[in-house]
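Engineer:
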Amino acid sequence: MSNQFADLLRERHANAQRWKASGRGIVGTFCIYTPDEVLYAAGLIPVRVMGINEPPSRSDTHLQPFYCPLSRSCLDQALRGDYGYLDGLVTAYSCDTYRGIFQLWQRHVPVPYSRILGMPSRVDLPEAQTLLVEELAEWVASLEESFQRPISPESLRHAIQTYNANRALLRELYRLRQEEAPRMSGAEALEAILAGMVCPKEQHTQLLKEFLREVNDRPFGSSRLPRLLLVGSELDNPEIVGLIELAGAVVVADDLCTGSRSLWNDCLDGEADPLAAIASRYLNLIPCPTKYPIEGRYQHLLRLVDQFRVQGVVILQQMFCHPHELEYPHLQGILRERRIPFVCIALDATYSAEEIQTQAEELIERID
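So the sequence shown is numbered by the numbering used here: it starts at 1169 and just counts up by one.
1. Ser1430 by DSSP, collapsed to three states: which one?
2. By the DSSP assignment, the alpha helix (DSSP H) with Arg1345 in it spans what residues?
3. Please say whether Ala1517 and Pro1224 have beta carbons closer to each other than 7 Å?
4. Any contact of the segment 1380-1399 with the segment 1439-1447, i.e. 3+ C-beta pairs under 8 Å?
5. Taking all protein chains shown into account, do 16 or more other C-beta atoms lie within 10 angstroms of the C-beta of Phe1510, making it buried, or fewer, making it exposed?
6. So, at 6 Å on beta carbons, what are the nonlocal neighbours of Met1287 in its own chain, with the 5 sequence-adjacent residues on each side left out?
7. Exposed or buried, Tyr1235, counting other C-beta atoms within 10 Å across all chains shown (16 or more means buried)?
8. Contact check, Leu1436 vs Ser1448 under 8 Å by CB: the rounded distance?
9. Per DSSP, which residues does Arg1339 bridge with? Please list them.
10. Could you pull out every unbroken alpha helix (DSSP H) segment of at least 4 residues lying fully inside the segment 1409-1453, listed in chain order?
11. Can Ala1210 and Arg1317 be called in contact, C-beta distance under 7 Å?
12. Looking at Phe1173: is its Cβ nearer than 7 Å to the Cβ of Ala1360?
13. Measuring straight from C-alpha to C-alpha, what distance separates Arg1534 and Leu1299?
14. Could you check if Glu1348 is buried or exposed, using at least 16 other CB atoms within 10 Å of its CB as the buried criterion?
15. Do Ala1417 and Ile1532 have their C-beta atoms closer together than 7 Å?
Shown next, in the form of structure tokens:
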């Protein structure tokens, strides 16, 4: 079953072109703070723009050296035409790098529709909810005008229910990995999560149900493998998780944008105003370092350590990701205070499998 998730990731551009040919609009998104429910309610298919493990060949001429490898990879794919099928491009404001990439994309590879959503950085204030609801209402009107598709309260509620159901299944992937001898690898879990970011939600939900049935029928794995937690921003390549696990461990949980932070909470179904429910959900995501207050993230991380009986932490650091680099000293302090062994692996546009395995092995030796 995991092969189907791998196929969706590998063939995501061909699939999107086929869906577009059938009359579905395709909108690229960057950040997990972009409310996909609104795009779904408009009858559009949101697809996440992901990095790839190839050195950029075009984007470097447009970017300063301090742009992270993920942003370089995303822009490079746009410049070479990989995302030429997009009907729109949307991101919520998070970091300055994404905003810069978004603007360069529009300048050099314009798409018919684009929008940067104003996402508050201080997410705990009542004014943040008011501001975001107003922003979402303006976005809805913009989508309706540009795509000539009505977005009704009923369609928004249906989108909320659809996405809540999908996230519940994704959280089941995590529950199963709490087992003493997990029947699923961390690489498989990330592959399943990422596949849902590049295909229609109904298709992904059905595949998840089938995959969970298959996993429940598997024999238990080894209880002797050290249990690791991944920490970082985006991770678009399950192979990196596989390399860490090949060193002799199992990744049982993560604190990643493309992992638990994207699916740990739901929209409140039944809210009178569906836009208010959506706004509340995104303001209450497990925060990334671009949001304040950040304490909720550290509490989430330590809960994962306890609930998943984590023995070691792998910090995956995108080079030049300034928000995550700034929090690194504090994160180190938290892990050292709890006496949790950790290693920091720097990720560039391409990676060395040998180096990743070697660093993972060094961490595992400290656990043993």
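Glycine included, each C-beta is placed from N, C-alpha and C at the ideal position.
Structural biologist: If we stick to the structure as given:
1. Helix.
2. Counting along the chain, Arg1345 falls outside any alpha helix (DSSP H), and DSSP gives it neither H nor E.
3. Pairing Pro1224 with Ala1517 gives a Cβ-Cβ distance under 7 Å.
4. The way I'd put it, the segment 1380-1399 doesn't touch the segment 1439-1447; fewer than three beta-carbon pairs between them come closer than 8 Å.
5. For Phe1510, the number of other beta carbons within 10 angstroms of its own is at least 16, and it is reported as buried.
6. Only Tyr1201, Ala1260, Tyr1261 meet the Cβ criterion.
7. By the neighbour-count rule (16 or more Cβ atoms within 10 Å), Tyr1235 is buried.
8. With a contact defined as Cβ atoms closer than 8 Å, Leu1436 and Ser1448 qualify at about 6 Å.
9. Paired residues: none, contrary to the question.
10. List check, alpha helix (DSSP H) in window: 1442-1451.
11. Here Ala1210 is near Arg1317, since their CB atoms are less than 7 Å apart.
12. Cβ distance < 7 Å, so Phe1173 and Ala1360 count as in contact.
13. It is roughly 48 Å from the alpha-carbon of Arg1534 to the alpha-carbon of Leu1299.
14. Exposure of Glu1348 is indicated by the presence of fewer than 16 other C-beta atoms within 10 angstroms of its C-beta.
15. Yes. Within cutoff.
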